[in-house]
Amino acid sequence: MQTAYFHRAYWSYENNLGIAKIHYPALGIFALLFENGIPITNVNFLDKQEFSYYWQKYQKQGITLHLGMKVGIDTELTKVIDKENLFKFTDINLEVKLENNARYFRPLDGEWTEFEDDVFVEYKPCDSLIDVR
1 MQTAYFHRAY
11 WSYENNLGIA
21 KIHYPALGIF
31 ALLFENGIPI
41 TNVNFLDKQE
51 FSYYWQKYQK
61 QGITLHLGMK
71 VGIDTELTKV
81 IDKENLFKFT
91 DINLEVKLEN
101 NARYFRPLDG
111 EWTEFEDDVF
121 VEYKPCDSLI
131 DVR
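Under our numbering, the first residue of the sequence shown is numbered 1, with each subsequent residue one higher.
Shown next as structure tokens:
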């Protein structure tokens, strides 16, 4: 069984939403905004202004996103089904595909969305919860 690291980098457990990073060798490291367990959009986690945008958006709604630094709580290994450029992360309701030098994502059996302003960051194990890049 293949696995990926799922790191809730900025998260509200009470509202089941926030920005999570996924670390998987074939895809590198990427971040998505989840709401109610559904992947909504990709996030450029190297751009502090983009993180700030979502932080402020939810703060205005009375929702605080907490920095994910609790080992064993904010990170977990998640199962990956890797089949011909299609990657299913069934535990986190996510599929990612590679097609024509582009990456796409969707909730399981949902509509495909192309990663916007896609930044490819080489894979590293999620071994530091302090440096969320």
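Glycine is no exception: its CB is placed at the ideal position from the N, C-alpha and C atoms.
Determine, using beta-carbon pairs with one atom in the stretch 59 to 77 and one in the stretch 110 to 119, whether at least three such pairs fall under 8 Å. no
Cβ-Cβ separation, Asn42 to Phe30 (assumed contact under 8 Å), whole Å: Along the sequence shown, one-based indexing puts residue 30 at 30. Along the sequence shown, one-based indexing puts residue 42 at 42. Correct: roughly 6 Å between the Cβ atoms.
Only counting runs of 3 or more residues, tell me where the beta strand (DSSP E) segments fall wholly within the stretch 28 to 96, in order along the chain. 28 to 35, 38 to 43, 75 to 83, 86 to 89
Unbroken beta strand (DSSP E) run spanning Tyr5, endpoints: In the sequence shown, residue 5 corresponds to position 5, counting from 1. Here the beta strand (DSSP E) through Tyr5 covers 2 to 12.
Is the distance from the Cβ of Trp11 to the Cβ of Asp91 below 8 Å? Locating residue 11 in the sequence shown gives position 11, counting from the first residue. Locating residue 91 in the sequence shown gives position 91, counting from the first residue. Going by C-beta atoms, Trp11 is not nearer than 8 Å to Asp91.
Out of Leu27, Val80, Lys21, which has the shortest C-alpha to C-alpha gap to Leu108? Here the question's residue 108 lines up with position 108 in the sequence shown. The residue with the shortest Cα to Cα distance from Leu108 is Val80.
For Gly18, which residues does DSSP report across the bridge? By one-based count along the sequence shown, residue 18 stands at place 18. Paired residue(s): Trp11, Phe34.
Alpha-carbon spacing of Phe51 relative to Tyr58, whole angstroms: On the sequence shown, position 51 is the one that residue 51 refers to. On the sequence shown, position 58 is the one that residue 58 refers to. For Phe51 and Tyr58, the distance between alpha carbons rounds to 11 Å.
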